[in-house]
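Scroll down for the structure; my scribbles are underneath it.
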Amino acid sequence: MSTSALTTTAPTTTTTTPAPAEPVHEIPQWLKSLPVAPEYHPTIAEFQDPIAYILKIENEASQFGICKIVPPVPLPSKKATITNLNRSLSARNPNNNVNNNKSPPTFTTRHQQVGFDPRKGRPVQKPVWQSGESYTLQQFEAKAKQFEKVYLKKSHGKRGSTLSALEIETLFWRASVDKPFSVEYANDMPGSAFVPINTKAMRELGDAATVGETAWNMRGVARSNGSLLRFMKEEIPGVTSPMVYIAMLFSWFAWHVEDHDLHSLNYMHMGAAKTWYGVPRDAAFAFQEVVRVHGYGGDFNPLVTFATLGEKTTVMSPEVLVGGGLPCCRLVQNVGEFVVTFPGAYHSGFSHEAGGASKIVVKHGYADRAELCTNVGVKEDDVNCLGNPDLLVIFTITELPSLTRVNKTQSTDGTVFQRGSLEIA
Ligand SMILES: O=C(O)CCC(=O)C(=O)O
1 MSTSALTTTA PTTTTTTPAP AEPVHEIPQW LKSLPVAPEY HPTIAEFQDP
51 IAYILKIENE ASQFGICKIV PPVPLPSKKA TITNLNRSLS ARNPNNNVNN
101 NKSPPTFTTR HQQVGFDPRK GRPVQKPVWQ SGESYTLQQF EAKAKQFEKV
151 YLKKSHGKRG STLSALEIET LFWRASVDKP FSVEYANDMP GSAFVPINTK
201 AMRELGDAAT VGETAWNMRG VARSNGSLLR FMKEEIPGVT SPMVYIAMLF
251 SWFAWHVEDH DLHSLNYMHM GAAKTWYGVP RDAAFAFQEV VRVHGYGGDF
301 NPLVTFATLG EKTTVMSPEV LVGGGLPCCR LVQNVGEFVV TFPGAYHSGF
351 SHEAGGASKI VVKHGYADRA ELCTNVGVKE DDVNCLGNPD LLVIFTITEL
401 PSLTRVNKTQ STDGTVFQRG SLEIA
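Residue numbers (UniProt numbering): 1 to 425.
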């Protein structure tokens, strides 16, 4: 499911030239004291089954909303990653293959506004619009590097690689209250930079040389053991098959939750790091209230706030969240690392430099709360997905038993409901 929304017209106030920035000063105290989300290092044996491993860490990790998983096997080579990604982009867009030429495939991007436009009623809602440009990977990388050089070297006298993650985060949040400019992001593109599965490259885990040869190859995760999405006949990009994201410095993804109480799994193939912020599910309603009051200026009621967050254009500093008493953590995802987001956990983030990542959502063989009904009809993605009969059946068989269990617990001794497995052959 997509993580971005689109407005079609470019805002007149936005420029592509960033305002001259100052050298990186102090990292603000609120940022220094944000807790870091947990990081897991599975053994080769634990890495056998992605869904089982996510289940294993879920109790602890979901209290943060997001976590990092560092695989026990290395990432594929950059050359193999680029070859796989280019093949995937070519397959997605037949125009890329016209005249049977050998030129690399292209992709389009969206502009995203960074910065603060005081003329807007609710400046946390950022414009996003089609750039109208298309790039090969090489062209986009060159453009991203040029932008980064101008922004970081000229303005801050530093190269991106010499800045710490906390310094880059300081710059991002400082830029978000400064004169608006725009960055580009090729997001939500169906495809993958992993090797196609069912090839000779897939091996027994003990022999796997890279992540792409394991069950964590995201082309196959949704169909792996323990994932209820394996029962879906149709392909839904982002659900049963991955989507790819090609970013530059400050390309962002807005605060959002995954639809249908799904988890998400995200792998960084190449390029630079990405910072993530997460708020656990238990604080989701409090989160919406803080955004409603401090982000949207109290203009909206809670339902409209929820729907507006669903547009995936709300970029708001974690400083506001912690100031409002909410739990919020951060993590830095490096190349070769996975990030999991847990159901109902709001998350957002941005890229440190040019890079490419894959994302997919995951549905375990269980469900723990029946919040599906509260979502239906509010978010566009939900409506689209519920139009799919397979998905509807899968959600029905997973959500209904949890409803029964919740009721049973509440009507007897009131003990805390324990999440359980749903046995499906
Ligand atoms: O990287 C992005 O742009 C979106 C990532 C995300 O929201 C996820 O993987 O859950």
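Note that CB positions come from ideal geometry on N, CA and C, so glycine has one too.
What is the C-beta distance between residue i and residue j, in whole angstroms, given that I count them as a contact (C-beta under 8 angstroms)?
i, j, result
"G181", "L249", "The amino acid occupying residue 181 in the given sequence is Phe; Gly does not appear at that position. Incorrect: roughly 11 angstroms between the Cβ atoms, too far for contact."
"S77", "P242", "At roughly 19 angstroms, the Cβ-Cβ gap does not stay under 8 angstroms, so S77 and P242 are not in contact."
"G238", "I360", "7 angstroms"
"A284", "G344", "5 angstroms"
"P72", "P50", "Between P50 and P72 the Cβ distance is about 13 angstroms, and since that is not below 8 angstroms, they are no contact."
"S264", "E258", "5 angstroms"
"T308", "Y296", "7 angstroms"
"F116", "V177", "5 angstroms"
"P38", "C67", "5 angstroms"
"V315", "A254", "5 angstroms"
So is the beta-carbon of residue i under 6 angstroms away from any non-hydrogen atom of ligand 1?
i, result
"T81", "no"
"F253", "yes"
"K359", "yes"
"N266", "yes"
"N301", "no"
"N334", "no"
"T341", "yes"
"N84", "no"
"N59", "no"
"N187", "yes"
Cα separation between residue i and residue j?
i, j, result
"L229", "T305", "30 angstroms"
"I168", "G349", "12 angstroms"
"S62", "D282", "9 angstroms"
"S103", "D261", "41 angstroms"
"M189", "G356", "11 angstroms"
"A144", "E353", "7 angstroms"
"E311", "E235", "23 angstroms"
"E319", "C328", "9 angstroms"
"Y135", "L163", "28 angstroms"
"G336", "Y267", "7 angstroms"
"N375", "G278", "In this prediction, N375 has a pLDDT of 24, which is less than 50 and means its spatial position is unreliable; what the coordinates show is noted afterwards. Straight-line Cα distance between these residues: approximately 20 angstroms."
"F44", "V221", "Note that residue 44 is Ile in the sequence shown, not Phe. Answer to the nearest angstrom: the Cα atoms are 17 angstroms apart."
"E46", "T210", "16 angstroms"
"V293", "T81", "44 angstroms"
"F64", "H156", "33 angstroms"
"E380", "K179", "Confidence is the limiting factor: at E380 the pLDDT is only 27, short of 50, which leaves the residue's position unreliable and the question unanswerable from this model."
"F140", "Y245", "12 angstroms"
"Y185", "V36", "26 angstroms"
"P105", "N59", "42 angstroms"
"W30", "R330", "12 angstroms"
"S317", "F172", "10 angstroms"
"F85", "N301", "What sits at residue 85 in the sequence shown is Leu, not Phe. Their Cα atoms are separated by approximately 43 angstroms."
"D368", "F342", "With a pLDDT of only 28 at D368, under 50, the local geometry of the prediction cannot be trusted, and the value read off the model is given with reservation. Distance between the alpha carbons of D368 and F342 is about 12 angstroms."
"F194", "S33", "36 angstroms"
"I57", "T108", "37 angstroms"
"Q138", "L166", "28 angstroms"
"Q410", "G298", "Bear in mind that the predicted position of Q410 carries a pLDDT of just 32, short of 50, making it too unreliable to give a figure here."
"P127", "A91", "30 angstroms"
"T214", "V340", "17 angstroms"
"L89", "K153", "32 angstroms"
"A142", "L303", "43 angstroms"
"N217", "G121", "43 angstroms"
"V70", "R119", "43 angstroms"
"P123", "G212", "41 angstroms"
"H269", "T83", "12 angstroms"
"A175", "Q113", "11 angstroms"
"T275", "N334", "9 angstroms"
"S351", "K149", "15 angstroms"
Could you pull the start and end residues of the beta strand (DSSP E) that residue i belongs to?
i, result
"K68", "66-69"
"W173", "Counting along the chain, W173 falls outside any beta strand (DSSP E), though it belongs to the alpha helix (DSSP H) covering 165-175."
"A215", "Segment: none, A215 is in no beta strand (DSSP E) and carries neither H nor E."
"A247", "243-247"
"E184", "181-190"
"Y346", "346-351"
"R223", "Looking at the DSSP string, R223 is not in any beta strand (DSSP E), and its letter there is neither H nor E."
"L152", "Note, L152: premise wrong, no beta strand (DSSP E); not H, not E."
"residue 432", "Shown here, the chain extends from 1 to 425; a query on residue 432 therefore has no answer."
"C329", "329-333"
Taking residue i as part of the alpha helix (DSSP H), name the residues at either end of that continuous run.
i, result
"G323", "318-323"
"A209", "Note, A209: premise wrong, no alpha helix (DSSP H); not H, not E."
Following a CB-centred definition, is residue i positioned closer than 6 angstroms to any heavy atom of ligand 3?
i, result
"Y245", "The model depicted lacks ligand 3 and carries ligand 1 instead."
At the 7 angstroms Cβ level, is residue i part of the contact set with chain C, yes or no?
i, result
"P318", "Among the protein chains of the structure shown there is no chain C, as only one such chain exists."
Report the residue ranges of all beta strand (DSSP E) runs contained in full by the region 27-92; include only those spanning at least 3 residues, in chain order.
66-69
Enumerate, from N- to C-terminal direction, the unbroken beta strand (DSSP E) stretches of 3 or more residues contained entirely within the region 256-324.
263-271, 274-279
Unbroken beta strand (DSSP E) runs of length 3 or more, entirely within the region 110-136: which are they?
128-135
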